[in-house]
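Going by UniProt numbering, the sequence shown opens with residue 1, and the numbers climb by one from there.
Don't be surprised by glycine CBs; every beta carbon is placed ideally from N, CA and C.
The next block holds one structure in the form of structure tokens; read it before the comments.
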Amino acid sequence: MAAAAAAVVRRTACGVRYSLGAGATSSPLLALVHGAPGSSRDFRHLTDAIERLGAPLRTLSVDLPGHGESPPFPDGREPTQPEMASALWRAVEAATADLSPPPPVLLLGHSIGGHTVLSAAARRPVAGVVLLAPVNVTPHRALLNDTGFRWIVRPLCLLLGRPPWKAALGGLAEAWFKRVLGFPRGVSRAELEWVHRRVAWLDFAAAEADARALRAPVLHAFARDDALIQPGKAMELRRVLDACAARDGPRLDWPSGGHNVQKTRAQELATALTEWVARVAAAGERTSASAS
1 MAAAAAAVVR RTACGVRYSL GAGATSSPLL ALVHGAPGSS RDFRHLTDAI
51 ERLGAPLRTL SVDLPGHGES PPFPDGREPT QPEMASALWR AVEAATADLS
101 PPPPVLLLGH SIGGHTVLSA AARRPVAGVV LLAPVNVTPH RALLNDTGFR
151 WIVRPLCLLL GRPPWKAALG GLAEAWFKRV LGFPRGVSRA ELEWVHRRVA
201 WLDFAAAEAD ARALRAPVLH AFARDDALIQ PGKAMELRRV LDACAARDGP
251 RLDWPSGGHN VQKTRAQELA TALTEWVARV AAAGERTSAS AS
């Protein structure tokens, strides 16, 4: 019988800081990926709710490079989704290195983290994917939609990566993120600069291609009063997901809850999530048994 983890532990793998929740080491592992700005602490309400349910599910909450307690890439790499996905997999590998057989791995992404987990799932097989208020397959309201992103937001974010423009426009960009978009006032200028770079490297066409290539169950959830991402954008992604039966899974559509549904809808989400993971794990065991 697999041993049970006694408590939440904090570890670092190749510069990526992560929190590994309590639970049996043989339980499915749910890797939680935040948005931008963000950190592993964004999921504390959800992980607490999961633990209160006593579900056979273990959580892994990461601080992606440049966020929380993880520094940016030391060699100057840009925070593209493939690079962030590789950083995520390093944390997963570290958390499961001593486990044999390795547990089923599911990936959960919130906001921009949705693109990260789609990129990660395109590179290695996963048992399932969870998308919470994700950045979708076309630019949304907070990015000034398609035309605004192409001609204003992305060029501006690229300019903010250059020292002269960073000094001239950094304060304006900070005001936009904090006052207009409602990002936490405690977010540092350094992390916001990293957020600019993540936004500049958003690739919506690649995200759509990753979603269409995915062959794993998907739980998709959003709230219709999300101030950053309008419902129509969420439904664009949902139609892509629904185009393939292999991506079947719960479709949660709440009237309220805002952008951070992992906090505002933590208990409902934890219940739906743990029930779904149990079904996914059981289906995986049946498939393994029939294959052998």
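Next on the checklist: What would DSSP say about Ala223, mapped onto helix, strand or coil?
Outcome noted: Of the three classes helix, strand and coil, the one that applies to Ala223 here is strand, per DSSP.
Checklist entry - For Trp254, which residues does DSSP report across the bridge? => result DSSP output for Trp254 lists Ala223 as bridge partner(s).
Item to check | Separation of Pro155 from Arg197, as counted between CA atoms | outcome: Per the coordinates, the alpha-carbon of Arg197 lies some 11 Å from the alpha-carbon of Pro155.
Checklist entry - alpha helix (DSSP H) containing residue 294: first to last residue? => result Outside the displayed span of the chain (1 to 292) sits residue 294, for which this structure offers no information.
Checklist entry - On the three-state DSSP scale, how would you describe Ser119? => result Ser119: helix per DSSP, three-state reduction.
Checklist entry - According to the Cβ coordinates, are Leu107 and Ala31 closer than 7 Å? => result At a Cβ-Cβ threshold of 7 Å, Leu107 and Ala31 count as neighbours.
Next on the checklist: Suppose you measure from the CA of Arg77 to the CA of Val199; what does that come to, to the nearest Å?
Outcome noted: Rounded to the nearest whole angstrom, the C-alpha separation of Arg77 and Val199 is 15 Å.
Checklist entry - My guess is that Ser100 and Val135 are in contact by the Cβ rule of under 8 Å, so how many angstroms apart are they, rounded? => result Contact between Ser100 and Val135 is absent: CB atoms are separated by about 36 Å, not below the 8 Å threshold.
Item to check | Span separating the alpha-carbon of Thr80 from that of Trp201 | outcome: Thr80 and Trp201: Cα-Cα distance of roughly 5 Å.
Item to check | Integer Cβ distance of Leu118 from Ala211, believed to fall under 8 Å | outcome: At roughly 6 Å, the Cβ-Cβ gap stays under 8 Å, so Leu118 and Ala211 are in contact.
Item to check | Alpha-carbon spacing of Val153 relative to Ala142, whole angstroms | outcome: Near 10 Å, if we compare the C-alpha coordinates of Ala142 and Val153.
Checklist entry - Under the three-state reduction of DSSP, which class applies to Ala6: helix, strand or coil? => result Interpretation of Ala6 is limited by its pLDDT of 43, a score under 50 that renders its predicted location unreliable; the figure taken from the coordinates is listed afterwards. Coil.
Checklist entry - Of all the options Val261, Val277, Leu64, Gly54, which has the alpha carbon lying nearest to the alpha carbon of Ala87? => result Per the C-alpha coordinates, the member of Val261, Val277, Leu64, Gly54 positioned closest to Ala87 is Leu64.
Item to check | Beta-bridge partners of Thr59, as assigned by DSSP | outcome: Thr59 pairs with Leu30.
Next on the checklist: Suppose you measure from the CA of Arg41 to the CA of Pro139; what does that come to, to the nearest Å?
Outcome noted: The alpha-carbon atoms of Arg41 and Pro139 are separated by roughly 26 Å.
Item to check | Inter-residue Cα distance where the pair is Arg90 and Ser70 | outcome: Here the C-alpha atom of Arg90 lies approximately 13 Å from the C-alpha atom of Ser70.
Item to check | Through-space distance from Arg162 to Thr274, alpha-carbon basis | outcome: Taking the straight line joining both Cα atoms gives about 45 Å.
Checklist entry - For Leu219, which residues from the same chain have a beta carbon less than 6 Å from its beta carbon, with the 5 sequence-adjacent residues on both sides left out? => result Annotation for Leu219: Val130, Gly249, Pro250, Trp276 place their beta carbon closer than 6 Å to its own, counting only its chain and skipping 5 residues before and after.
Checklist entry - Rounded C-beta distance between Gly109 and Val280? I'm assuming under 8 Å. => result With 8 Å as the limit, Gly109 and Val280 do not qualify as a contact, their Cβ atoms being about 16 Å apart.
Checklist entry - Would you call the CB atoms of Gln262 and Phe73 closer than 7 Å? => result Not in contact: Gln262 and Phe73 (Cβ atoms no closer than 7 Å).
Item to check | Contacts around Leu237, its chain only, beta-carbon distance under 6 Å, and the 5 residues preceding and following it disregarded | outcome: These residues qualify, in order along the chain: Asn136, Val137.
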